[in-house]
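Novice: Protein chains in written order, with the numbering used here: chain G, 2 to 146; chain W, 6 to 153.
Glycine is no exception: its CB is placed at the ideal position from the N, C-alpha and C atoms.
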Amino acid sequence: MIRLAALACGLVCGIGLVLSGMADPAQVQAFLRPGAGWDPTFGLALVAAVAVTFVGVILHRRGQPATAGSAASTDTLDARLIAGSLIFGLGWGLSGFSPGTSLVAAGQFVGDGALFAAAALIGMLLHDLTTTRGRANMKNLRSRG
Amino acid sequence: MIFDWVQTAQGGAVIGGGLVGLAAALLLILTGRSMNLSDMLGSLLGGNEGPAAANIAFLAGLVLAPTLWQLWAPAPAAADAGSLTLVLVAGLLAGFGARLGGTGISGQVILGLARPSKRALVAVVCLFLGGALGAAAIGWFSAVTVPT
Numbered sequence: 002m003i004r005l006a007a008l009a010c011g012l013v014c015g016i017g018l019v020l021s022g023m024a025d026p027a028q029v030q031a032f033l034r035p036g037a038g039w040d041p042t043f044g045l046a047l048v049a050a051v052a053v054t055f056v057g058v059i060l061h062r063r064g065q066p067a068t069a070g071s072a073a074s075t076d077t078l079d080a081r082l083i084a085g086s087l088i089f090g091l092g093w094g095l096s097g098f099s100p101g102t103s104l105v106a107a108g109q110f111v112g113d114g115a116l117f118a119a120a121a122l123i124g125m126l127l128h129d130l131t132t133t134r135g136r137a138n139m140k141n142l143r144s145r146g
Numbered sequence: 006m007i008f009d010w011v012q013t014a015q016g017g018a019v020i021g022g023g024l025v026g027l028a029a030a031l032l033l034i035l036t037g038r039s040m041n042l043s044d045m046l047g048s049l050l051g052g053n054e055g056p057a058a059a060n061i062a063f064l065a066g067l068v069l070a071p072t073l074w075q076l077w078a079p080a081p082a083a084a085d086a087g088s089l090t091l092v093l094v095a096g097l098l099a100g101f102g103a104r105l106g107g108t109g110i111s112g113q114v115i116l117g118l119a120r121p122s123k124r125a126l127v128a129v130v131c132l133f134l135g136g137a138l139g140a141a142a143i144g145w146f147s148a149v150t151v152p153t
């Protein structure tokens, strides 16, 4: 049941990404690149997405017992978040793809999308192989079987 | 008419963006999961994100969505644009950064801002800073290397 719900949500998300133009690298880059020819369309789509998600978050919270401490645990800042987001952003701006939109593009039979998704997986693997934290995580997984 | 408006770039952006938000909201309410697409892709490598089957189902939905669309209406044209090397390097950077920071566009910008958390705000600023730098570098890159 959860898998079916996830599949349906993936379909809705994918159709939304295509319809909004968020899966179009050119539109993403036209938003990210400042100066002449700046195109706010991608930002408009983001605002709409955040607004609807916000309603969902409120509805979800209403059905949940209040959990003390959960807010604090997700509200810590660290260098990894900052460095990771800057590096991620660089790849995002260079290509106009993010891992999610690259999969939609791959579904449109765009070779760049499939290549980006594969490269992102390799990048994740590189992280796990080269950082102590990543190595510890892999070891942990292996011992769990 | 609303159908004419949806066919403009702005109308499509609002309705399409709304659908992305709807997917995030439904996934949260129905399964209790956060729609962090980069994490979902990463879970294919094995990770701490619970049973991977639901993630695989969601990712399959993303890939199949354009085909489903084609059944009803012609989908917008999409084509290769970037150089292969560039796409490869960009993918490596995005994957590495996503794993390093537990970050991503859907997870931090959409869900993060909807929640909202201080952590997500910082991530969003860094994502857009990196994105602006990358997109600006493309103009420079194509000016010096591709004289086609």
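#1: For Gly109/W, collect the residues of the same chain with a Cβ closer than 8 Å to its Cβ; drop the 5 residues on either side in sequence, then sort them by chain order.
#2: Alpha carbon to alpha carbon, what distance is there between Ala6/G and Gly26/W?
#3: Measuring CA to CA, which of Gly112/W, Thr13/W, Arg38/W is closest to Leu1/G?
#4: Give me the chain W residues within the contact set of Arg34/G, using Cβ-Cβ distance strictly less than 8 Å, ordered along the chain.
#5: Under 8 Å between the Cβ atoms of Ala1/G and Leu132/W?
#6: Looking at Gly96/W and Leu116/G, is the spacing between their C-beta atoms short of 8 Å?
#7: Leaving out five residues on either side along the sequence, give the residues of the same chain with a beta carbon under 7 Å from the beta carbon of Gly146/G.
#8: My assumption, with CB atoms under 8 Å, is that Pro71/W sits in contact with Val19/G. Please give the rounded CB distance.
#9: Between Pro100/G and chain W, is there a C-beta pair that is closer than 8 Å?
#10: Relative to chain G, which residues along the region 65-95 of chain W have a C-beta separation below 8 Å, given in chain order?
#11: Output needed for Ser71/G: all residues of its chain with C-beta closer than 6 Å, excluding positions within five of it in sequence on either side, in chain order.
#12: Using C-beta distances below 6 Å, list every residue in its chain close to Arg38/W, excluding the 5 sequence neighbours before and after it, in chain order.
#13: Can you tell me whether DSSP reads Arg120/W as helix, strand or coil?
#14: What separation, rounded to the nearest whole angstrom, lies between the Cα atoms of Ala49/G and Ile20/W?
#15: Around the Cβ of Phe8/W, are there at least 16 other Cβ atoms within 10 angstroms (buried) or fewer (exposed)?
#16: Who are the neighbours of Arg1/G on chain W, taking C-beta pairs under 8 Å?
#17: Between which two residues does the alpha helix (DSSP H) containing Asp113/G stretch?
#18: Does Thr133/G have its Cβ less than 8 Å from a Cβ in chain W?
#19: Using only CA atoms, which one of Gln75/W, Leu89/W, Ala137/W lies nearest to Phe86/G?
#20: Examine the Cβ distances between the region 139-146 of chain W and the region 94-105 of chain G and report whether three or more of them are shorter than 8 Å.
#21: For Gly23/W, which residues from the same chain have a beta carbon less than 7 Å from its beta carbon, with the 5 sequence-adjacent residues on both sides left out?
#22: Under 8 Å, Cβ to Cβ, is there at least one residue of chain G near Gly23/W?
Specialist: Taking the coordinates as given:
#1: Asn41, Leu42, Ser43, Asp44, Ala103
#2: Each residue's alpha carbon lies about 15 Å from the other.
#3: Within the shown structure, residues of chain G are numbered from 2 to 146, placing residue 1/G beyond reach of any answer.
#4: Ala137, Ala140, Ala141, Ile143, Gly144
#5: Since the first residue shown for chain G is 2 and the last is 146, residue 1/G is missing from the structure and cannot be characterised.
#6: yes
#7: Note that Gly146/G scores 47 on pLDDT, short of 50, meaning its location in the model is unreliable; the coordinates nonetheless yield the value given after this. Nothing listed; no residue qualifies.
#8: 6 Å
#9: Yes, its Cβ sits closer than 8 Å to a Cβ of chain W.
#10: Ala65, Gly66, Leu67, Val68, Leu69, Ala70, Pro71, Thr72, Leu73, Trp74, Ala80, Pro81, Ala83, Ala84, Asp85, Ala86, Gly87, Leu89, Leu91, Val92, Leu93, Val94, Ala95
#11: Because Ser71/G carries a pLDDT of 47, less than 50, the predicted location of this residue cannot be relied on, and the following value inherits that uncertainty. If we look at Ser71/G and ignore the five residues flanking it on each side, it has no Cβ neighbours.
#12: Leu32
#13: coil
#14: 8 Å
#15: exposed
#16: Residue 1/G is absent from the structure shown; chain G starts at 2 and stops at 146.
#17: 112-131
#18: no
#19: Looking at the sequence shown, residue 86/G is not Phe but Ser. Comparing Cα positions, the closest option is Ala137/W.
#20: yes
#21: none
#22: yes
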